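Visitor: 296 is the number that numbering that gives the first Met the number 0 gives to position 297 of the sequence shown; each next residue is one higher, with no gaps.
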Amino acid sequence: MCCNAFSKAAPANDDKSVHIDQELVATPLPDGYWLNAFPFSEDAEVPDLVGYGLGFEGKPAAIKLFQNPKNSNSEGWKLTEIQSMDFPVAMVSADLTGNGYNDIIITDRYGPSMGALWDAQTNNGGRIQWLRNPGDRDAQPYWEAHHIGNSTGMHRVQVGHFTTSSHFQVMGLPIIPASNDLTSPAPVILYDPTYGPEMAPGPIAWSEEIIFSSEFRLIHDAKLLPGANNGLDMVLVAGREGTVCLWFDQAARKWEYNIVGSGLPQQGDSPYWGSGSVDVARVGADDVGYIATCEGFHGNSVAVYVKADRHAKGAASLKNSALWRRIVIDNFGPLDPEQHTGTIHNVATVRVPGSDIDSFAIACMGSPLSKPENQGVYLYTPIDLVAGRFKRTKITDESAGRLAVAGYTEPQRMDIGSISYYVPGYHTGPDPSSIRINVLQPYNVESRTSIVATKLNKEVLLRVPRPNAVPEGVTPTMPIVTLVGNTLTLVVLRPGATMTLGVQDAAKVVYGSIEMTDPEGNTVTRTIATNAKEIATTHIVSADGVVKAGGDGAVFLHVGHLKNEFHGPFTTMSQVTANNIFPRHEVPPDVRAMEFPFIKVQDLDWGSSGLWDDFEFYNMTGFYVFFNDDAMEEIVHMQAWTLGIGETARFHNHSDRSFCEIHYCLSNGGGTGGMVGTSLTMLIPSSPTLSISIF
Numbered sequence: 000m001c002c003n004a005f006s007k008a009a010p011a012n013d014d015k016s017v018h019i020d021q022e023l024v025a026t027p028l029p030d031g032y033w034l035n036a037f038p039f040s041e042d043a044e045v046p047d048l049v050g051y052g053l054g055f056e057g058k059p060a061a062i063k064l065f066q067n068p069k070n071s072n073s074e075g076w077k078l079t080e081i082q083s084m085d086f087p088v089a090m091v092s093a094d095l096t097g098n099g100y101n102d103i104i105i106t107d108r109y110g111p112s113m114g115a116l117w118d119a120q121t122n123n124g125g126r127i128q129w130l131r132n133p134g135d136r137d138a139q140p141y142w143e144a145h146h147i148g149n150s151t152g153m154h155r156v157q158v159g160h161f162t163t164s165s166h167f168q169v170m171g172l173p174i175i176p177a178s179n180d181l182t183s184p185a186p187v188i189l190y191d192p193t194y195g196p197e198m199a200p201g202p203i204a205w206s207e208e209i210i211f212s213s214e215f216r217l218i219h220d221a222k223l224l225p226g227a228n229n230g231l232d233m234v235l236v237a238g239r240e241g242t243v244c245l246w247f248d249q250a251a252r253k254w255e256y257n258i259v260g261s262g263l264p265q266q267g268d269s270p271y272w273g274s275g276s277v278d279v280a281r282v283g284a285d286d287v288g289y290i291a292t293c294e295g296f297h298g299n300s301v302a303v304y305v306k307a308d309r310h311a312k313g314a315a316s317l318k319n320s321a322l323w324r325r326i327v328i329d330n331f332g333p334l335d336p337e338q339h340t341g342t343i344h345n346v347a348t349v350r351v352p353g354s355d356i357d358s359f360a361i362a363c364m365g366s367p368l369s370k371p372e373n374q375g376v377y378l379y380t381p382i383d384l385v386a387g388r389f390k391r392t393k394i395t396d397e398s399a400g401r402l403a404v405a406g407y408t409e410p411q412r413m414d415i416g417s418i419s420y421y422v423p424g425y426h427t428g429p430d431p432s433s434i435r436i437n438v439l440q441p442y443n444v445e446s447r448t449s450i451v452a453t454k455l456n457k458e459v460l461l462r463v464p465r466p467n468a469v470p471e472g473v474t475p476t477m478p479i480v481t482l483v484g485n486t487l488t489l490v491v492l493r494p495g496a497t498m499t500l501g502v503q504d505a506a507k508v509v510y511g512s513i514e515m516t517d518p519e520g521n522t523v524t525r526t527i528a529t530n531a532k533e534i535a536t537t538h539i540v541s542a543d544g545v546v547k548a549g550g551d552g553a554v555f556l557h558v559g560h561l562k563n564e565f566h567g568p569f570t571t572m573s574q575v576t577a578n579n580i581f582p583r584h585e586v587p588p589d590v591r592a593m594e595f596p597f598i599k600v601q602d603l604d605w606g607s608s609g610l611w612d613d614f615e616f617y618n619m620t621g622f623y624v625f626f627n628d629d630a631m632e633e634i635v636h637m638q639a640w641t642l643g644i645g646e647t648a649r650f651h652n653h654s655d656r657s658f659c660e661i662h663y664c665l666s667n668g669g670g671t672g673g674m675v676g677t678s679l680t681m682l683i684p685s686s687p688t689l690s691i692s693i694f
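1. What are the start and end residues of each continuous alpha helix (DSSP H) run of 4 or more residues lying completely inside the stretch 197–237, in chain order?
2. Which residue comes first and which comes last in the alpha helix (DSSP H) that contains K69?
3. Can you tell me whether A639 is buried or exposed, with buried defined as 16 or more other CB within 10 angstroms of its CB?
4. The alpha helix (DSSP H) spanning P588 covers which residue range?
5. Using the C-alpha atoms, what's the distance from G550 back to N467?
6. Could you tell me if N101 is buried or exposed, where buried requires 16 or more neighbouring beta carbons within 10 angstroms of its beta carbon?
7. Along the chain, where does the beta strand (DSSP E) containing G609 start, and where does it finish?
8. Would G57 pass as a contact of V422 if the rule is Cβ separation under 9 Å?
9. Please classify E294: is it buried, with 16 or more other beta-carbons within 10 angstroms of its beta-carbon, or exposed?
10. Round the Cβ separation of D602 and L23 to the nearest angstrom and send it over; I've been treating them as touching at under 8 Å.
11. By DSSP's criteria, H344 is part of a beta bridge. Which residues make up the other side?
12. Express the C-alpha separation of I290 and V303 in angstroms, rounding to a whole number.
13. Looking only at C-alpha atoms, which of L610, D430 and F595 sits nearest to P27?
14. Entirely within the stretch 89–151 and at least 3 residues each: give me those beta strand (DSSP E) ranges in chain order.
15. Counting pairs of beta carbons, one from the stretch 369–383 and one from the stretch 305–318, are three or more of them closer than 8 Å?
16. With a threshold of 9 Å between beta carbons, is I19 in contact with chain C?
17. Three Cβ pairs or more, each shorter than 8 Å: is that satisfied between the stretch 191–211 and the stretch 115–125?
18. Exposed or buried, which one is G552 when buried takes at least 16 other CB atoms within 10 Å?
19. Just to confirm before moving on: does the CB-CB distance between K507 and T537 stay below 9 Å?
20. Can you check whether the CB of K63 is closer than 9 Å to the CB of I81?
21. Below 8 Å on the Cβ atoms is my guess for V399 versus G375; work out the distance and round it to an integer in Å.
22. For a test of the three-state rule: what should DSSP assign to I19, helix, strand or coil?
23. Put N667 into one of helix, strand or coil per three-state DSSP.
24. If you check the beta carbons only, do S320 and I258 fall under 9 Å apart?
25. Can you find the residues in the same chain that come closer than 7 Å, C-beta to C-beta, to A505, ignoring five residues on each side of it along the sequence?
26. Alpha carbons only, please: which of S449, L482, Q338 and G267 is nearest the one belonging to V473?
27. So, is P200 buried or exposed, given that buried needs 16 or more other C-beta atoms within 10 angstroms?
28. Which same chain residues, not among the five before or five after V480, have their C-beta less than 7 Å away from its C-beta?
29. Straight-line CA distance for S274 to P29?
30. For P29, which three-state DSSP category applies?
31. Run through the DSSP bridge pairs and tell me what Q638 is partnered with.
32. According to DSSP, is G672 helix, strand or coil?
33. Between the C-alpha atoms of P239 and H662, what's the straight-line distance to the nearest angstrom?
34. Any contact of the stretch 346–364 with the stretch 278–286, i.e. 3+ C-beta pairs under 8 Å?
35. So the beta strand (DSSP E) M84 belongs to, where does it begin and stop?
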């Protein structure tokens with residue numbers, strides 16, 4: 000076992016007030032970009048999800064409805080493909096027909112990239128359509144598509160009551176007006192529907208009004224503030240101009256805007272400054288208590304805007320920029336020197352159980368790939384809002400491009416849905432695209448005293464309680480794999496607690512200590528390591544199999560002997576397999592579906608130097624173990640190795656990357672290989688065999 004690793008594990012997910020679980024919705028997906036909570040009908044208690052990627056040139060994207068199991072009575076999230084579109088980007092939903100079912104308003108025909116936009120006039124580009132909800136989640140064929148309007152570079156869309164409360168209107172927000180034009184303003188357009196004698200067929204036409212023609216550039220996000228403008232809706236946008244509030248002045252009958260904050264300053268020759276995404280957060284009774292932003296277009300900066308005057312409450316405060324003060328609270332490193340972009344794509348506020356102040360989450364694509372800490376979803380919880388002090392918690396390691404916060408598991412709960420940012424030609428991560436939901440649950444004893452497993456790229460992250468936090472009578476365990484005739488199970492023992500193991504079993508301590516009484520009545524203590532230059536068996540030496548945790552408790556790997564399995568000696572790699580035994584109902588489906596193959600070192604990225612060519616050396620990776628509390632303390636990283644017949648580990652220089660490592664031998668080959676004296680098997684065969692170890 001060792002604390003060396005080739006990717007960095009997520010920190011512990013738990014804090015003192017919430018516990019975070021992860022539910023996989025769908026994987027693998029061909030691509031990934033957009034995700035929306037979708038209340039199928041106005042009386043839906045919990046929403047479904049709509050998600051999709053941008054598609055590919057010559058291969059349209061599938062718009063997918065993922066049916067919430069609570070709505071479909073199925074075990075998992077049921078998939079229905081509801082449309083196929085060329086380069087869809089953003090979507091929102093509203094009931095445009097008055098039948099109680101929400102329709103989808105969606106942009107498509109964007110084009111392959113900002114440098115190759117599809118023109119609105121010559122190629123039907125930058126299109127907005129609405130998709131009629133058929134009233135049946137399983138309806139076939141595709142949902143009917145109806146045209147709303149076009150503008151080149153159409154990138155974001157909102158639906159609401161902007162100038163009238165009598166019907167829904169659509170706001171279209173192109174990002175740029177033409178391919179590669181990052182300088183000229185792009186119009187903000189209001190589309191107003193015309194209905195026939197009956198509302199049920201939906202709008203029969205849409206009028207178009209440019210409400211801002213030359214004010215804004217590179218708008219990358221738009222947040223709807225329902226009813227915030229004396230019953231009408233306001234919109235908060237994020238773009239090069241910063242964070243900007245848009246509203247219709249009902250008395251003057253004209254559109255107004257206010258730049259709440261200019262965001263990230265212009266830097267050198269970078270074309271991207273201002274803000275990239277925005278949301279408003281509640282503080283007590285103030286629905287607009289502070290503003291959360293990620294800054295720069297696909298930037299790396301996280302900032303909040305707090306009010307200088309706490310008496311100014313509600314959305315009206317967004318009309319006065321003097322009330323707001325910008326505080327940068329986090330940064331994910333320098334931007335790419337050529338593209339001038341970073342990793343953060345979206346921000347969304349989250350109502351955390353038991354708190355009257357909202358937290359917020361950010362979606363990180365994973366750029367650059369060499370920095371795994373730049374990939375995933377982070378939750379920021381206010382500690383001292385005025386001072387800009389927030390606690391940062393990583394809640395998933397998977398790439399994220401878009402967040403969809405809603406009560407998927409319970410109507411009053413705020414769960415965090417996310418989809419991988421997976422856009423071939425721009426950014427793709429190490430794993431296929433997926434959709435998952437992170438569930439924020441109030442603190443309870445069970446959530447803090449169980450072992451939680453989540454997928455971490457090609458490895459597993461195991462979060463365990465501290466032994467002194469485990470209640471009396473509780474022993475958290477998690478079966479992991481079977482390997483060379485043994486089951487490997489992670490165990491947590493509270494201080495002084497006992498557990499009975501098989502007399503042919505073994506226990507490898509990774510934290511704390513265990514004690515056993517040998518046949519002579521002596522107390523034998525095992526800790527994480529032996530004394531320097533010494534070896535020790537991990538076999539259970541007590542006649543009754545009882546082990547007792549020391550004063551700090553213990554976390555250990557229980558190596559359970561399987562009577563009817565082959566324990567060696569092993570002569571070929573085909574005899575060495577690791578089988579996933581994670582409990583089906585206690586871990587996410589993606590963990591249960593994982594395989595743990597042994598891969599020849601020469602085929603691994605870090606083994607491609609030529610040093611390991613034609614060398615019988617194999618690696619199976621691996622498992623991170625972290626404590627699940629605020630300390631976010633890493634206990635160990637475990638991986639397994641096999642060494643071929645007649646081979647040595649060869650000399651290799653670790654001076655460029657130092658780490659500590661403890662070797663634990665499961666099968667000791669011919670007795671002169673592996674780690675002599677620590678073999679689980681007492682048989683020392685005369686013929687050459689493989690050595691199998693865990694580092």
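Every residue gets a Cβ at the ideal spot worked out from N, C-alpha and C, and that includes glycine. The structure displayed is predicted, hence computed values, not measured ones.
Guide: Answer, in terms of the structure:
1. Listed in chain order, there is nothing to give.
2. Along the sequence shown, one-based indexing puts residue 69 at 70. For K69, the enclosing alpha helix (DSSP H) stretches over residues P68 to S71.
3. As a working mapping, residue 639 is identified with position 640 in the sequence shown. Per the 10 Å Cβ criterion, buried.
4. By one-based count along the sequence shown, residue 588 stands at place 589. P588: member of the alpha helix (DSSP H) spanning P588 to R591, first to last residue.
5. Position 468 of the sequence shown, counted from the first residue, corresponds to residue 467. Position 551 of the sequence shown, counted from the first residue, corresponds to residue 550. One Cα belongs to N467, the other to G550, and the distance between them is close to 9 Å.
6. Position 102 of the sequence shown holds residue 101. Under this definition N101 is a buried residue.
7. In the sequence shown, the residue the question calls residue 609 occupies position 610. That residue, G609, is in no beta strand (DSSP E); it is neither H nor E in DSSP.
8. As a working mapping, residue 57 is identified with position 58 in the sequence shown. As a working mapping, residue 422 is identified with position 423 in the sequence shown. No, the pair does not count as a contact, with Cβ atoms beyond the cut-off.
9. In the sequence shown, residue 294 corresponds to position 295, counting from 1. Counting the other Cβ atoms within 10 Å of the Cβ of E294 gives 16 or more, which makes it buried.
10. Counting from 1 along the sequence shown, the entry for residue 602 is found at position 603. Counting from 1 along the sequence shown, the entry for residue 23 is found at position 24. Not quite, the Cβ-Cβ distance comes to about 28 Å (not below 8 Å), so this is no contact.
11. Taking the first residue of the sequence shown as position 1, residue 344 is located at position 345. Residue pairing for H344: DSSP places it in no beta bridge.
12. Along the sequence shown, read from residue 1 onward, the residue named residue 303 stands at position 304. Along the sequence shown, read from residue 1 onward, the residue named residue 290 stands at position 291. Straight-line Cα distance between these residues: approximately 5 Å.
13. Sequence index remark: in the sequence shown, residue 27 carries index 28 (1-based). The option with the nearest alpha carbon to P27 is D430.
14. The DSSP assignment places 90–93, 102–107, 126–130 and 144–149 as complete runs of the beta strand (DSSP E) inside the stretch 89–151, in order along the chain (cut-off: 3 residues).
15. The stretch 369–383 makes no contact with the stretch 305–318; the number of CB pairs closer than 8 Å stays below 3.
16. Looking for chain C here will not work: only one protein chain is present.
17. Here the stretch 191–211 does not lie against the stretch 115–125, with fewer than 3 beta-carbon pairs under 8 Å apart.
18. Here residue 552 is taken as the residue at index 553 of the sequence shown, counted from 1. Burial call: buried.
19. Walking along the sequence shown from the start, residue 507 turns up at place 508. Walking along the sequence shown from the start, residue 537 turns up at place 538. Closer than 9 Å, so yes.
20. On the sequence shown, residue 81 is found 82 positions in, with the first residue counted as 1. On the sequence shown, residue 63 is found 64 positions in, with the first residue counted as 1. Here I81 is near K63, since their CB atoms are less than 9 Å apart.
21. To locate residue 399, count along the sequence shown from 1; it is residue 400. To locate residue 375, count along the sequence shown from 1; it is residue 376. Looking at the sequence provided, one finds Ala at residue 399 rather than Val. The beta-carbon distance between A399 and G375, rounded to whole angstroms, is 6 Å. This is short enough to meet the 8 Å contact definition.
22. Working through the sequence shown from its first residue, we reach residue 19 at position 20. Strand, per DSSP.
23. Along the sequence shown, one-based indexing puts residue 667 at 668. In this structure, N667 counts as strand in the three-state DSSP scheme.
24. Here residue 320 corresponds to residue number 321 of the sequence shown, with the count starting at 1. Here residue 258 corresponds to residue number 259 of the sequence shown, with the count starting at 1. I258 sits close to S320, with the two beta carbons spaced by under 9 Å.
25. Residue mapping note: residue 505 aligns to position 506 of the sequence shown, counting from 1. Here the set comprises T537, H538, I539, V558 and L679.
26. Translated into the one-based positions of the sequence shown, residue 473 becomes position 474. Nearest C-alpha to V473 among S449, L482, Q338 and G267: S449.
27. The residue labelled residue 200 in the question sits at position 201 within the sequence shown. With fewer than 16 other Cβ atoms within 10 Å, it is exposed.
28. As a first step, residue 480 is located in the sequence shown; it is residue number 481 there, counting from the start. Here the set comprises L487, A577, N578, N579, I580 and F595.
29. Here residue 274 corresponds to residue number 275 of the sequence shown, with the count starting at 1. Here residue 29 corresponds to residue number 30 of the sequence shown, with the count starting at 1. Taken atom to atom, the span from the alpha-carbon of S274 to that of P29 is near 29 Å.
30. Along the sequence shown, read from residue 1 onward, the residue named residue 29 stands at position 30. Coil.
31. Residue mapping note: residue 638 aligns to position 639 of the sequence shown, counting from 1. Per DSSP, the beta bridge partners of Q638 are T620.
32. Position 673 of the sequence shown, counted from the start, is the residue given in the question as residue 672. Any reading at G672 is ruled out, since the residue's pLDDT is 49, under 50, leaving its predicted position unreliable.
33. Position 240 of the sequence shown, counted from the first residue, corresponds to residue 239. Position 663 of the sequence shown, counted from the first residue, corresponds to residue 662. Note that residue 239 is Arg in the sequence shown, not Pro. Rounded to the nearest angstrom, the two C-alpha atoms are 54 Å apart.
34. Per the Cβ contact rule, the stretch 346–364 is in contact with the stretch 278–286 (3 or more Cβ pairs under 8 Å).
35. On the sequence shown, position 85 is the one that residue 84 refers to. Unbroken beta strand (DSSP E) run through M84: K77 to M84.
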